[in-house]
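Remarks on the structure that follows.
Residue numbers (the numbering used here): 117 to 246.
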């Protein structure tokens with residue numbers, strides 16, 4: 117798939133309960149809004165988001181909320197959220213199976229967008245460098 121322009125992926129896969137994996141998100145350009153994009157995709161186990169440019173993101177609220185089977189989210193090793201202008205409550209709410217690349221597991225007290233980073237020895241996160 118070649119690069120596609122997209123600004124808003126809100127609700128794209130919302131409640132797609134039979135969806136098990138997604139690849140190609142890195143082909144999107146200019147994404148700013150990702151609210152509820154994968155919310156309630158209860159069978160989703162793996163996402164390949166390598167290549168996704170995070171520089172324009174402004175809202176990731178409930179992006180993966182309710183993805184109770186989601187275990188792995190692949191991102192580029194240098195992937196990082198913008199340092200300002202971002203909101204995102206409950207980004208990983210109820211993602212009980214999630215495991216970051218360095219072994220960080222889900223915590224019911226730590227499911228906001230701050231965990232949307234590549235898991236390393238120096239910084240816990242729920243993403244895996246791929």
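Note that CB positions come from ideal geometry on N, CA and C, so glycine has one too. Model, not experiment: these values are computed from the prediction.
Leaving out the 5 sequence neighbours to the left and right, which residues in its chain are closer than 8 Å to residue 228 when beta-carbon positions are compared? 204, 205, 206, 207, 208
Quick one: what's got a C-beta closer than 8 Å to residue 133's C-beta in the same chain, skipping five residues either side? 156, 157, 158, 159, listed in sequence order.
Write down every uninterrupted run of the alpha helix (DSSP H) in the stretch 136 to 195 whose length is 4 residues or greater and which is fully enclosed by it, in chain order. none
Between the beta-carbon of residue 138 and the beta-carbon of residue 173, is there less than 8 Å? no
Would you call the stretch 218 to 228 and the stretch 135 to 153 in contact, with 3 or more CB pairs under 8 Å? no
Roughly how many angstroms separate the alpha carbons of residue 130 and residue 193, rounded to a whole number? 27 Å
In angstroms, rounded to a whole number, what distance separates the CA positions of residue 123 and residue 181? 20 Å
Among the residues of its own chain, which have a CB less than 8 Å from the CB of residue 184, if the five just before and after it don't count? 158, 210, 211, 212, 213
Own chain, CB closer than 6 Å to residue 176, minus 5 neighbours either side, in chain order: 150, 204, 207, 229
Taking the Cβ atom as the reference point for each residue, do residue 125 and residue 161 lie within a distance shorter than 8 Å? no
In the DSSP output, which residue or residues are listed as bridge partners for residue 203? DSSP links residue 203 through a beta bridge to 175.
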